[in-house]
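What follows is one structure encoded as structure tokens, with my remarks underneath.
In the numbering used here, the protein residues as written are 1 to 597.
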């Protein structure tokens with residue numbers, strides 16, 4: 001038997017073994033789907049009325065401007081026919097080569113075969129032609145409401161991205177090459193990854209983005225020293241250990257968003273905002289929110305304010321002996337901090353000396369990239385879901401956020417995991433991103449209806465806790481940090497609400513990068529700069545045109561602002577007191593509870 005015969009025999013044996021594994025995995029896959037509870041389709045797709053309106057608008061266009069429609073069709077036919085002829089000519093030359101590529105650059109098609117191989121090149125170019133034609137048809141609908149057109153544009157983009165040839169084994173050269181190279185083992189590993197993801201999420205397809213076994217909260221991430229000094233059903237209050245001999249008199253209370261967990265601000269020592277604040281000489285308290293289950297169905301925004309914000313303020317004042325605090329709110333926690341400040345103003349309570357907001361929206365008149373999901377059909381479906389389960393499950397929110405960047409956060413990872421059989425990377429930021437939290441049913445409905453949809457806080461007033469809260473009540477010194485490329489809380493939208501406050505002392509910053517990297521931007525890296533303009537009487541575009549750009553992190557600039565509002569230096573404080581003993585070491589216990597547990 002020759003060496004080639006042995007190699008061929010080994011390859012056949014490997015292939016047969018892999019086929020046997022596929023049979024076992026297929027059975028597991030069937031079991032997952034058999035046990036899966038049916039999901040509400042309205043949580044994934046818009047009401048059919050949207051497509052009906054689009055069809056009506058298209059028919060209206062045909063009737064009123066047939067020349068325009070015919071022009072679009074002829075252009076599409078012409079490109080398709082020319083593409084086919086070019087491919088035929090290339091093949092007629094007797095060489096296995098593709099015609100010249102005329103499509104736009106796209107990193108999904110980085111494999112050289114997309115340009116050099118006639119089969120893959122034809123598929124790629126025709127896909128690009130089809131995509132351009134579909135999107136042009138949507139843009140040509142002039143008789144569609146702007147909001148409906150924006151939604152249609154989004155869902156059309158989802159369909160176009162879903163149908164990309166890279167998403168299918170038969171038309172993905174990377175996956176086919178690896179399958180041949182590994183005798184099909186990559187496909188088996190990919191199927192194992194797929195089944196494991198489905199089993200881990202009760203039949204819901206949530207693509208795993210990271211190797212979860214590489215991280216342990218409190219082990220190699222979220223390791224700043226501190227103690228839980230207070231706990232109630234809503235939150236654990238963590239006081240961090242002083243690292244300086246003296247500290248500023250006024251303590252800081254930091255509220256992270258409860259959609260995600262607080263340790264984004266303490267992933268590792270090199271980029272930990274928590275450690276950095278403590279190292280500057282501040283007594284820092286951080287709230288770690290509970291990960292709610294169905295028992296929290298009746299918990300609303302008012303409960304977060306009373307049992308979270310107000311309770312945290314009272315406990316911090318009791319521990320430190322101070323009568324004022326500086327507060328920080330990130331994202332939805334910043335929105336709620338604004339609500340809390342309005343409530344305190346109306347009650348004549350001056351506990352909060354200054355407030356800092358990270359990527360915080362208060363004016364929701366422009367819904368940005370979330371427009372497709374903040375209309376009645378989706379909100380109705382969410383209300384139906386939370387009425388049934390008591391909570392808005394983490395994976396529903398994670399899926400929504402992911403599809404805003406579907407190629408990067410859905411299809412790309414799915415290809416690498418399910419087609420290529422690759423193990424997800426060990427990346428701490430992605431680990432945190434996947435460690436989401438549920439939302440209580442009542443709170444989700446109040447937030448989506450009253451704030452996001454009706455925009456009551458900046459218009460008629462938001463009824464909560466017996467008060468009509470309004471942004472104009474906020475009049476203490478405030479500092480807002482936003483991010484230039486943030487697709488969750490666009491900086492212009494943050495600025496609009498920020499300018500509605502009555503604060504005489506206020507500073508607005510636009511950091512480079514996005515929702516996370518724009519905030520978690522340590523000075524030591526000198527990576528992203530920021531924009532400053534003291535004139536907040538301008539509209540957003542004029543503000544930005546007149547802003548000065550500064551290299552490096554905004555952290556030191558904020559600290560200089562905060563220091564002026566933090567009192568004199570005092571001896572470093574011990575953690576807790578006799579009435580606030582340690583209940584657990586940081587990062588506490590609430591942060592360890594998984595959303596799908």
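Where a beta carbon is used, it is the ideal one built from N, C-alpha and C, also for glycine. Given the structure is predicted, the values throughout are model-derived calculations rather than measurements.
Check, Outcome
"DSSP state of residue 500, grouped into three classes?", "coil"
"Is it true that the CB of residue 415 sits closer than 8 Å to the CB of residue 167?", "yes"
"Output yes if chain C places a C-beta closer than 8 Å to the C-beta of residue 343; else output no.", "In the structure shown, chain C does not exist; there is a single protein chain."
"Does residue 227 pass the burial test, meaning 16 or more other C-beta atoms within 10 Å, or should it be called exposed?", "buried"
"Span of the alpha helix (DSSP H) holding residue 115?", "113-116"
"With distances taken between CB atoms, is the gap from residue 547 to residue 492 smaller than 8 Å?", "no"
"What does the alpha-carbon distance come out to for the pair residue 501 and residue 476?", "9 Å"
"According to DSSP, is residue 392 part of a helix, a strand, or is it coil?", "strand"
"Can you tell which of 208, 110 and 174 has the C-alpha that lies nearest to the C-alpha of residue 430?", "208"
"Mapping DSSP to helix, strand and coil, what is residue 418?", "helix"
"In the structure shown, what three-state DSSP assignment does residue 397 receive?", "helix"
"For residue 59, I'd like the list of residues in its chain whose CB is within less than 6 Å of its CB, leaving aside the five on either flank, ordered along the chain.", "Caution is warranted here: a pLDDT of 48 is assigned to residue 59, below 50, making its placement in the model unreliable, and the coordinate value is therefore given only provisionally. For residue 59, where only same-chain residues beyond five positions count, there are no Cβ hits under 6 Å."
"Expressed to the nearest angstrom, what Euclidean distance is found between the alpha-carbon atoms of residue 256 and residue 465?", "22 Å"
"Whole angstroms is fine: what's the gap from residue 176's alpha carbon to residue 218's?", "41 Å"
"Are residue 330 and residue 370 close, meaning C-beta to C-beta below 8 Å?", "no"
"I'd like the list of long-range same chain contacts for residue 363, defined as Cβ closer than 6 Å, with 5 residues on each side in sequence excluded.", "458, 496 and 497"
"Between the beta-carbon of residue 360 and the beta-carbon of residue 494, is there less than 8 Å?", "yes"
"Just checking my contact of residue 615 with residue 191 at CB under 8 Å: how many whole Å lie between their CB atoms?", "Because the chain here runs from 1 to 597, residue 615 falls outside it and cannot be looked at."
"Would DSSP call residue 534 helix, strand or coil?", "coil"
"Answer yes if the region 239-252 comes into contact with the region 287-298, meaning at least three C-beta pairs across the two stretches below 8 Å, and no otherwise.", "no"
"CB residue 573 to CB residue 283, shorter than 8 Å?", "yes"
"Does DSSP put residue 23 in a helix, a strand or coil?", "helix"
"Using the Cβ count rule (16 or more neighbours within 10 Å means buried), how would you classify residue 129?", "buried"
"What would DSSP say about residue 137, mapped onto helix, strand or coil?", "helix"
"Which whole-angstrom value is the C-beta distance of residue 509 and residue 531, which I expect to be below 8 Å?", "7 Å"
"For residue 241 versus residue 575, is the C-beta spacing smaller than 8 Å?", "yes"
"Are residue 229 and residue 262 touching if we call contact CB-CB under 8 Å?", "no"
"Which stretch, first to last residue, makes up the alpha helix (DSSP H) that contains residue 319?", "311-320"
"Am I right that residue 593 and residue 222 are in contact with their C-beta atoms under 8 Å? What's the rounded C-beta distance?", "In fact, because the Cβ distance is near 14 Å, the residues do not count as touching under 8 Å."
"Can you tell me which of 185, 105, 179 and 157 puts its alpha carbon nearest to the alpha carbon of residue 25?", "185"
"Could you compute how far the alpha carbon of residue 303 sits from the alpha carbon of residue 253?", "18 Å"
"Hey, residue 428 and residue 215 are a contact pair by Cβ (cut 8 Å); roughly how many whole angstroms apart?", "6 Å"
"What residue does the alpha helix (DSSP H) around residue 544 start on, and which one ends it?", "540-545"
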